[in-house]
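**Q**
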Amino acid sequence: SAPARDVGDARLPLRPELADEAPYGAPQLDVPVLLNVNENPYPPSEAVVATIAEHVAAAARGLNRYPDRDFDALRADLAGYLARESGVGLAPEQIWAANGSNEVMLHLLQAFGGPGRTAVSFAPTYSMYPEYARDSHTRWVTGRRQSDFTLDVEHAVETIERERPSVVLLASPNNPTGTALPLETVEAVLDAAARVEVADAPEADGRRAGAVVVVDEAYAEFRRPGTPSALELLAGHPHLAVSRTMSKAFAAAGLRLGYLAASRALVDALRVVRLPYHLSAVTQAAARGALAHRDELLGQVQTLRAERDDLVAWLRAVRHRGEALQVAESDANFVLFGTFADRHAVWRGLLDRGVLIRETGPDGWLRVSVGTPSETAAFRDALTDVLAELE
Ligand code: PMP
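Per UniProt numbering, residue 8 is the first one in the sequence shown, and the count goes up by one each step.
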C-alpha cells in the first residue's frame with residue numbers, strides 16, 4: 008500500500024511523485040511450493056555452506072575495519088567466473104558489484120540518468136526498471152516488444168532516435184517473458200545508442216556522448232545453447248554494460264550480490280555514485296566462498312535448464328477450453344504461459360492447492376519459476392486440477 012504521510016497532526020514532506028507509490032511487493036507467503044520469484048530451488052550444498060562459513064569467519068575477525076572499498080579480490084573472482092562461463096576475458100577493473108543487480112542498475116541510473124534525461128526500455132519487461140528511473144529523477148519511456156516478445160529492431164532504433172535517451176535497458180533473457188536477444192539485435196541498439204545526442208552531455212573534441220546500453224543478463228546462465236552473451240560485444244563498445252547476478256544461477260538470492268562487466272571508464276563512473284563501503288566484508292567473503300564452487304553450481308543450472316524445457320513441452324500440450332495454451336520460448340529459469348480469461352482465478356486456484364506462482368506479464372498470462380522435479384510435479388497436478396474446475 009502507499010506510504011502514510013499523516014502522523015497524528017503532523018504530515019511528512021513526502022516527494023509528491025511518491026504519494027501513490029507502493030513498495031515493490033511480490034507476496035512473501037508461507038506456502039509449500041514457492042515458484043513465484045525465480046529463485047533457484049536448490050539450497051547451497053553442505054560443501055558450499057562450509058566454504059562460505061570459513062570465508063565469513065575470516066571476514067568476521069576483521070569486522071572492526073571498514074571493508075575493501077573496491078573489493079579487488081571479489082572483482083578478480085567474478086572476472087574469472089565470467090571467463091569460464093562465457094569465454095570472455097575481462098580485467099578486474101571492468102567489473103562492478105553491489106547489493107543485488109537492483110543496486111547495480113540504480114548506480115547506472117544515478118551516474119548516467121538524472122533530471123532532464125531519459126531512460127528507455129521495451130515492455131513487457133522487468134517491473135523494477137521504472138522504479139530506478141523514478142528514484143534517480145530520470146524520465147521513463149517504454150517502447151514495445153512484438154507479440155512473441157522478441158524485439159522489433161526497427162521499432163527499437165526509431166524509439167531511441169526519437170527519445171534520445173542517455174540509458175537504454177534491455178533484459179536478456181527478459182523477465183517476465185524469458186526471451187533472449189540475438190547479438191545482432193543488441194548490436195543494432197548499440198549502433199543507434201552511439202548516434203544519440205544525449206541532453207546536457209555536450210560533444211567535446213569531436214567526441215559525442217551516446218547512450219549507455221545496459222543488457223540485464225540476470226538469467227544468462229539458463230540460456231539455451233547457441234545463444235551468446237552480450238559480454239562478447241564488450242570489446243569495442245565502451246557504452247555497453249552487461250549486468251549479472253548471483254541470485255539465480257548461484258542459488259544465492261539471499262546473499263544480495265549483483266555485478267556488471269563494462270569498459271573501465273564506465274565502471275569508474277559508477278564508483279562516484281556508490282555509497283562508501285557499500286559492499287560489506289561479510290557479503291564479499293560469502294560471495295567469494297560461493298564462487299569457489301562455481302562448477303558444482305553450474306552443474307545444477309544444467310539440471311534446471313532440462314527441467315525448464317520439460318515444463319515448456321508439458322505446458323504446450325495442455326488444452327484449456329478447447330485450445331492449446333500459449334507458452335513463451337524461455338531462456339530463463341521460468342516460463343510465461345496463458346492466456347486465461349480470468350488469470351487471477353487460476354493463480355488463486357493454484358495457491359489454494361499450495362502452489363504460489365506470479366500473476367505478472369501481459370493480461371491473461373501467468374509466470375511460473377522452475378522448481379525441483381517434485382515442486383514442478385506439484386505445479387502440474389495443481390494446474391491440471393484448477394483448469395478442469397474452470398473448464
Ligand atoms: N533483473 C531481472 C531481469 C530480474 O528478474 C531480477 C530479479 N528478479 C533482477 C534483475 C534483480 O536481481 P537481484 O537484485 O537479486 O540481483
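The beta-carbon is built from N, C-alpha and C at its ideal position, and this holds for glycine as well.
#1: Which of helix, strand or coil does DSSP assign to E191?
#2: Any heavy atom of the ligand PMP closer than 8 Å to the CB of R231?
#3: Does any heavy atom of the ligand PMP sit closer than 8 Å to the C-beta of G378?
#4: Give every residue of the same chain whose Cβ lies closer than 7 Å to the Cβ of Y284, excluding the five residues on either side of it in the sequence, and list them in chain order.
#5: Between the C-alpha atoms of A294 and G96, what's the straight-line distance to the nearest angstrom?
#6: For a test of the three-state rule: what should DSSP assign to A130, helix, strand or coil?
#7: Return helix, strand or coil for R82, following the three-state DSSP convention.
#8: Using C-beta distances below 7 Å, list every residue in its chain close to A288, excluding the 5 sequence neighbours before and after it, in chain order.
#9: Are D207 and R301 touching if we call contact CB-CB under 9 Å?
#10: Keeping to the same chain, check which residues put their C-beta closer than 8 Å to that of V56; ignore five residues upstream and five downstream.
#11: Cβ atoms of A268 and I102: under 9 Å apart, would you say?
#12: Check for me: the alpha helix (DSSP H) holding L332 runs from which residue to which?
#13: Does the beta carbon of Y49 fall short of 8 Å from some heavy atom of the ligand SAM?
#14: Express the C-alpha separation of E61 and S242 in angstroms, rounding to a whole number.
#15: Just reading off the beta strand (DSSP E) that Y266 is part of, what are its end residues?
#16: Do the CB positions of Y139 and P180 come within less than 9 Å of each other?
#17: Which one or two residues does DSSP pair with V353 in a beta bridge?
#18: Throw me the rounded Cβ distance for the L304 and F257 pair, which I believe falls under 8 Å.
#19: Which residues count as close to the ligand PMP when the rule is a CB under 6 Å from any of its heavy atoms, in chain order?
#20: Thinking just about the alpha-carbon of each residue, which of V249, D388 and I364 is nearest to the one in residue 434?
#21: Between G217 and the rest of its own chain, which residues show a CB-CB distance below 8 Å, the 5 nearest in sequence each way excluded?
#22: Can you have a look at R22 and say buried or exposed, based on whether 16 or more other CB atoms are within 10 angstroms of its CB?
#23: Going by alpha carbons, who is nearest to G94 out of V220, T186 and E239?
#24: Measure the Cβ-Cβ separation of A237 and V219 and say whether it is below 9 Å.
#25: Distance check for E336 and E228, CA to CA, integer angstroms please.
#26: Could you tell me whether the Cβ atoms of S143 and Y136 are closer together than 9 Å?
#27: Determine the direct distance from the alpha carbon of L282 to that of A352, and round the result to whole angstroms.
#28: What is the rounded straight-line gap between the Cα of L299 and the Cα of R230?
#29: Checking the sheet assignment: what are the DSSP bridge partners for G345?
#30: Report all residues from its chain with a CB closer than 6 Å to the CB of L176; omit the five preceding and five following residues, and keep chain order.
#31: In the structure shown, what three-state DSSP assignment does S108 receive?
#32: Please list the terminal residues of the continuous alpha helix (DSSP H) segment that includes A293.
#33: So what does G150 bridge to, in DSSP terms?
#34: Let me know if E110 comes out buried or exposed under the rule of 16 or more other beta-carbons within 10 Å of its beta-carbon.
#35: Whole angstroms are fine: how far does the CA of P20 sit from the CA of H13?
#36: With 16 as the cutoff for other CB atoms within 10 Å, does V193 come out buried or exposed?
**A** The answer reads as follows:
#1: Here E191 sits in helix by DSSP.
#2: Result no, Cβ not under 8 Å from the ligand PMP.
#3: G378 has its Cβ no nearer than 8 Å to any heavy atom of the ligand PMP.
#4: Answer for Y284: Y73, P74 and R76, listed in chain order.
#5: A direct Cα-Cα distance of roughly 20 Å separates A294 from G96.
#6: DSSP places A130 in strand when its eight states are reduced to three.
#7: The answer is helix: DSSP assigns R82 an H, G or I state.
#8: Answer for A288: A66, G69, L70 and P74, listed in chain order.
#9: At a Cβ-Cβ threshold of 9 Å, D207 and R301 do not count as neighbours.
#10: There are no such residues.
#11: It is a contact, given that the beta carbons lie within the stated cut-off.
#12: In the DSSP annotation of this structure, L332 is not part of any alpha helix (DSSP H), being labelled neither H nor E.
#13: The ligand SAM is not part of this structure, which contains only the ligand PMP.
#14: In the sequence on display, residue 242 carries Ala and not Ser. Taking the straight line joining both Cα atoms gives about 37 Å.
#15: Segment G265 to A269, the beta strand (DSSP E) holding Y266.
#16: The Cβ atoms of Y139 and P180 do not sit closer than 9 Å to each other.
#17: According to DSSP, which records beta bridges pairwise, V353 is partnered with nothing at all.
#18: Contact flag correct, Cβ pair sits at about 5 Å.
#19: Every residue passing the under-6 Å Cβ criterion appears here: N45, G107, S108, N109, Y133, A178, N182, D223, A225, T252, S254, A260 and G265.
#20: Outside the shown range of the chain (8 to 398) lies residue 434, about which nothing can therefore be said.
#21: So the list reads A200, A201, R202, V203, V205 and H246, once near-sequence residues are dropped.
#22: The Cβ neighbour count for R22, taken over all protein chains shown within 10 Å, is under 16; the residue is labelled exposed.
#23: Nearest C-alpha to G94: E239.
#24: Going by C-beta atoms, A237 is not nearer than 9 Å to V219.
#25: Rounded to whole angstroms, E228 to E336 spans 16 Å at the Cα level.
#26: S143 is not a Cβ neighbour of Y136, given a cutoff of 9 Å.
#27: Whole-angstrom Cα-Cα distance: 44 Å.
#28: Note that residue 299 corresponds to Ala in the displayed sequence, not to Leu. Cα-Cα distance, rounded: 22 Å.
#29: For G345, which the question treats as bridged, DSSP gives the partners Q333.
#30: Take L176, set aside five residues on each side of it, and the residues of its chain with a beta-carbon closer than 6 Å to its own are S128, Y136 and V221, in chain order.
#31: Helix.
#32: It spans A288 to L298 - the alpha helix (DSSP H) in which A293 sits, taken as one unbroken run.
#33: Its beta-bridge partners are F129.
#34: Buried is the label assigned to E110, since at least 16 other Cβ atoms lie within 10 Å of its Cβ.
#35: Sequence inspection shows Asp at residue 13; the His mentioned does not correspond to that position. For D13 and P20, the distance between alpha carbons rounds to 10 Å.
#36: The residue is buried, with at least 16 neighbouring Cβ atoms inside 10 Å.
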